[in-house]
Amino acid sequence: MLTLPSVVRTLQQAHALKTDNPMASTLLREKALISGLRAVAGQFGKTLEEPIRPDSQGVFVFNIQGGSYGEGLAAILKKIEIHQGRNTQPIHTQKWCRIHHSQAEKLILLAMDANQPVMRHR
Numbered sequence: 565m566l567t568l569p570s571v572v573r574t575l576q577q578a579h580a581l582k583t584d585n586p587m588a589s590t591l592l593r594e595k596a597l598i599s600g601l602r603a604v605a606g607q608f609g610k611t612l613e614e615p616i617r618p619d620s621q622g623v624f625v626f627n628i629q630g631g632s633y634g635e636g637l638a639a640i641l642k643k644i645e646i647h648q649g650r651n652t653q654p655i656h657t658q659k660w661c662r663i664h665h666s667q668a669e670k671l672i673l674l675a676m677d678a679n680q681p682v683m684r685h686r
């Protein structure tokens, strides 16, 4: 599994390719988003159900194998726009949602920031 910093580097490479080679950029970004979603779940001790891929609208199903998101993962998911259908249960008790590709990228960046050590000034 790729680490969040390596996924972010790959996303940066994909964005840099966008002008010269849009197709290569799209494919690289899609692979990075898939790896990133796995890494985000893994950061909280969760595993995503496979396969992970975007639908024709660029939306990923973010479905946890067994259990639920839990408090930590739910806290980060609350910071992005997700789609849960008609589910009215608290997010930490749920195990699935749909995430648009632009929000998936935002989730990856938020998770990486949350994983960085905080520098304290003396």
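Numbers in the numbering used here are just positions in the sequence shown, counted from 1, shifted up by 564.
Note that CB positions come from ideal geometry on N, CA and C, so glycine has one too.
Item                                                                                                                   : Value
Taking buried to mean at least 16 other C-beta atoms within 10 Å of its own C-beta, is Gln648 buried or exposed?       : exposed
Please identify the residue among Ser632, Leu601, Leu575 and Leu674 whose C-alpha is closest to the C-alpha of Ser589. : Leu575
Between which two residues does the alpha helix (DSSP H) carrying His579 extend?                                       : Leu568 to Leu581
Taking the straight line between their C-alpha atoms, what separation do you get for Pro569 and Phe608?                : 16 Å
Can the beta-carbon of His665 be found closer than 8 Å to that of Phe624?                                              : yes
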